[in-house]
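Visitor: Dumping the structure here so I can ask a few things about it.
Next comes the structure, spelled out in structure tokens:
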């Protein structure tokens, strides 16, 4: 016989199941951060609790139904039916779902940075660039009259400088060579440049001067002047002059002194030396049969091997069919009875030497020359002595020219003027 379930028992059972379903572990009491493992456990417990709640709801419904259809004790069932006891199924909880294990990702490999060599480029050190002035000159050499050249009183001469345009602007033929300071030596206040000289080019500038009448040391300073009046010279600031420096003795070149004959070899760089290619420096750096050259020797060896102990001028004409070299000496006053005398020939071992010597003159202030004589010379073991009477020029001032032609080829044309002098026998 089925026994009636007490309502009190049912209420207690409901309370117990409710508390079991709501009190899930894994939740932090203080609201802190969740542990990942605790989170997984909470999920599983939640699913289990939901299943428990579902089973509880089913049980309550079943018990309610039974309670409503079961009569009180001693009361017969209505309708003549006999109640058949119904077994209450035992509640079997479904197995809790087991969540698949959390996939643990394999650690990602961390790329090791590759060191790439970057070529080192040095940073250039800044340099101070000095602007090149428009007008500036650079001294190259004294073509004639080196510093300290000895002069006789009132002696005329030509000073030639070789200068380079080291500025950034052209020098035109409207520029001037101008006297700046010191002793003018009877030179002009200014004179025009011969041509246009571009930056980097060189030019030979000449001026006719005359030694003072008193003995002593003299210096004349010169500069250049542009067409717009800018005065300039040498140095970084283009304000330094170039100069001529001479030593003047007591003897007047126009007077005769038998103890001091006018020695051309001694004063050879007072002459202006030229070849068919232009003016050359005096002295030259050795013998040069290509460009022409001039030097002096105190012990020349002549073509027969004879060692001379007198001073000689050693020259070489430049190459080419019309090659030559000529020296124009300063004017000197001739007196009655004066002679020009010298000995000429080829230098020792100049076996292919073949030249023509020539002596000519020009009256002072004139440009045309007249021949006083010429002499052919070859390497034959002999040399020639030249003696010219200058009496016809007595009382006049003349310039003498000493010239050598190469006769078509300058090979081995190294020749000498031995003791060239003007004297009175």
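In the working numbering, the protein residues as written are 18 to 442. We put the CB at the ideal spot given by N, CA and C, even for glycine. Bear in mind the structure is a predicted one, so any value in this text is a computation, not a measurement.
Let me know if residue 378 comes out buried or exposed under the rule of 16 or more other beta-carbons within 10 Å of its beta-carbon.
Guide: buried
Visitor: In terms of residue numbering, what span does the beta strand (DSSP E) encompassing residue 355 cover?
Guide: It is not in any beta strand (DSSP E) - residue 355 carries neither H nor E in the DSSP assignment.
Visitor: For chain D, is any of its Cβ atoms less than 8 angstroms away from the one on residue 441?
Guide: In the structure shown, chain D cannot be found, because there is only a single protein chain.
Visitor: Applying the criterion that 16 or more other CB atoms from any shown protein chain within 10 Å of the CB defines a buried residue, is residue 422 buried or exposed?
Guide: buried
Visitor: Taking the alpha-carbon of residue 195 as reference, which of 398, 437, 260 has the nearest alpha-carbon?
Guide: 260
Visitor: Using alpha carbons as the reference points, say which of 395, 173, 352, 374 lies closest to residue 366.
Guide: Nearest C-alpha to residue 366: 395.
Visitor: Report yes if the CB atom of residue 316 is closer than 8 angstroms to the CB atom of residue 302, and no otherwise.
Guide: The Cβ-Cβ distance between residue 316 and residue 302 does not fall below 8 angstroms.
Visitor: Is the beta carbon of residue 249 closer than 8 angstroms to that of residue 152?
Guide: yes
Visitor: Which of the three DSSP states is assigned to residue 169 in this structure?
Guide: coil
Visitor: To the nearest whole angstrom, what separates the beta carbons of residue 440 and residue 358, a pair I think is in contact under 8 angstroms?
Guide: That belief holds up - the Cβ atoms of residue 440 and residue 358 are roughly 7 angstroms apart, short of 8 angstroms.
Visitor: With C-beta atoms as the reference, is residue 287 less than 8 angstroms away from residue 228?
Guide: no
Visitor: So if DSSP puts residue 363 in a beta bridge, which residue, or which two residues, is it bridged to?
Guide: 432
Visitor: Flag this pair as yes or no: are the beta carbons of residue 330 and residue 304 separated by less than 8 angstroms?
Guide: no
Visitor: So residue 185 and residue 216 are in contact, right, with Cβ under 8 angstroms, and what is the actual spacing, rounded?
Guide: The pair is a contact, with the Cβ atoms about 6 angstroms apart (cut-off 8 angstroms).
Visitor: What residue does the beta strand (DSSP E) around residue 153 start on, and which one ends it?
Guide: Unbroken run through residue 153: none, as it is neither H nor E.
Visitor: Do residue 236 and residue 427 have their CB atoms nearer than 8 angstroms?
Guide: No; because the gap between Cβ atoms is not below 8 angstroms, this pair is not in contact.
Visitor: Taking DSSP as the reference, what is the three-state secondary structure of residue 249?
Guide: strand
Visitor: Here's a check: name, in chain order, each residue in its chain whose Cβ is nearer than 7 angstroms to the Cβ of residue 400, leaving out the five neighbours to either side.
Guide: 319, 320, 360, 361, 362
Visitor: Pop quiz: residue 220 and residue 180 are said to be a contact at Cβ under 8 angstroms. What is the actual Cβ separation, rounded to whole angstroms?
Guide: 6 angstroms
Visitor: For residue 337 versus residue 418, is the C-beta distance shorter than 8 angstroms?
Guide: no
Visitor: Does DSSP put residue 274 in a helix, in a strand, or in coil?
Guide: Note that residue 274 scores a pLDDT of 47, beneath 50, so its modelled location is shaky; the value from the coordinates is reported in the next line. Here residue 274 sits in coil by DSSP.
Visitor: Could you tell me the alpha carbon to alpha carbon distance between residue 354 and residue 376, rounded to whole angstroms?
Guide: Cα to Cα, the separation comes out at about 18 angstroms.
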